[in-house]
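Numbering (the working numbering), first residue to last: 4 to 106.
Structure, rendered in structure tokens:
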């Protein structure tokens, strides 16, 4: 079963007045992710966060809605609280190699 895209109410295709946008500007992408636009600007400057690109002659920074959903899923999988295989609670305790039990 395909994952359902994360759609904010303002961008949902069936929302009143929604255009079903495929691309979002910084303000709309920040709202979609629940972040401030400043955070996205800082992440872009640091080459972090979701992938973005410049569009058009004026070079507006844009985010592909599809890429935002993929990025969110990647963040979930990288977090040990969401991904059981990364959780330290699901691994057997390991002894340090330099540990001397007789001391």
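Just so you know, even glycine gets a beta-carbon here, dropped at the ideal spot from N, CA and C. Remember, it's a predicted structure, so these values are computed and weren't measured experimentally.
Item, Value
"With DSSP as the reference, label residue 38 as helix, strand or coil.", "coil"
"Would you mind stating whether residue 32 and residue 54 have Cβ atoms separated by less than 8 Å?", "no"
"State the Cα-Cα distance for the pair residue 45 and residue 72, rounded to the nearest angstrom.", "20 Å"
"Tell whether a beta-carbon distance below 8 Å holds between residue 26 and residue 76.", "no"
"According to the neighbour-count rule (16 or more other Cβ atoms, all chains shown, within 10 Å of its Cβ), is residue 89 buried or exposed?", "exposed"
"If you draw a straight line from the C-alpha of residue 92 to the C-alpha of residue 51, how long is it?", "29 Å"
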